[in-house]
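These notes concern the structure reproduced below.
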Amino acid sequence: MDRRQEILEAAAKSFTLFGYKATTMEQVAKIANVGKGTIYTFFANKEILFQEIAMSLVREMQAEADAVLDASASFMDNAHNALMKILQFREKHLLFAKLLEEEKELRTPAVKQVLVRIETEILSYVTELIQRRIVKGEIKDCDAELVSYLLLKAYLAFIVDWQELHGDIIPEEKISNLFKETIFRGLVLT
983 MDRRQEILEA
993 AAKSFTLFGY
1003 KATTMEQVAK
1013 IANVGKGTIY
1023 TFFANKEILF
1033 QEIAMSLVRE
1043 MQAEADAVLD
1053 ASASFMDNAH
1063 NALMKILQFR
1073 EKHLLFAKLL
1083 EEEKELRTPA
1093 VKQVLVRIET
1103 EILSYVTELI
1113 QRRIVKGEIK
1123 DCDAELVSYL
1133 LLKAYLAFIV
1143 DWQELHGDII
1153 PEEKISNLFK
1163 ETIFRGLVLT
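Using the working numbering, read the sequence shown as starting at 983 and increasing by one per residue.
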């Protein structure tokens, strides 16, 4: 493993344990077993290091979503499976959970900026999936960016917010059926 990768892994570990605000370059150097100066040969500052780790989270999330896509499946099934995978990743990944907690409690500007960037990348990913299905003639021509936002926020509301507010989890099949009978029905060409 190269030094850069060791530093990235050490920083991810530190951000996961302590959050962005409490992580120092000294901690990262200690975890990576390198001198602090070595970190600066690869990353100009903590924020750039943090952004690099956040983008690796996005790539990992997209890879997991890509893994559930099936070229022979309908738009509805692929959209549902990809969105579920993205939101499951978001909830289960410890670093992502720590960032969400820090933003909620401390309102750290750098964390807010990274979370916005992650959401932007997710929306771009979903928008691209929608645009491909428009080109294939499977769904109606629509504003793919707005539809991706609607889908992401609606899924987030049913998967995360519902549980927080109501104390119970909506079964995935029920969520899938709800979206198929409402939003997806309005998009699919018949």
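Cβ atoms here follow ideal geometry from the backbone N, Cα and C, with glycine treated the same way.
- Here valine 1016 carries a coil assignment [DSSP, helix/strand/coil].
- A residue is called buried when at least 16 other Cβ atoms come within 10 angstroms of its Cβ; histidine 1148 does not meet this threshold and is exposed.
- By the neighbour-count criterion, in which a residue is buried when 16 or more other Cβ atoms sit within 10 angstroms of its Cβ, leucine 1076 is exposed.
- Assignment of isoleucine 1121 by DSSP, reduced to helix, strand and coil, places it in the strand class.
- By a beta-carbon distance limit of 8 Å, leucine 1069 contacts isoleucine 1141. Their separation comes to about 5 Å.
- In the DSSP assignment, phenylalanine 1166 falls within the unbroken alpha helix (DSSP H) covering 1165-1169.
- Here alanine 1079 is exposed. Its C-beta has fewer than 16 other C-beta atoms within 10 Å.
- Here serine 1038 carries a helix assignment [DSSP, helix/strand/coil].
- In this structure, DSSP gives glycine 1001 a helical state, which the three-state scheme calls helix.
- In the three-state scheme derived from DSSP, where H, G and I count as helix and E and B as strand, serine 996 is classed as helix.
- Note on geometry: alpha-carbon atoms of proline 1153 and phenylalanine 1057 lie some 20 Å from one another.
- Exposure of valine 1117 is indicated by the presence of fewer than 16 other C-beta atoms within 10 angstroms of its C-beta.
- If you check the CB distance, valine 1016 and alanine 993 do not come in under 8 Å.
- DSSP places leucine 1147 in the uninterrupted alpha helix (DSSP H) bounded by 1144-1148.
- In the DSSP assignment, arginine 1072 falls within the unbroken alpha helix (DSSP H) covering 1057-1074.
- Counting the other CB atoms within 10 Å of its CB gives valine 1098 a total below 16, which places it among the exposed residues.
- Setting aside the 5 residues that flank it on each side, tyrosine 1131 is surrounded in the same chain by Leu1105, each with a C-beta closer than 8 Å to its C-beta; the list follows chain order.
- The C-alpha of serine 1038 lies about 18 Å from the C-alpha of leucine 999.
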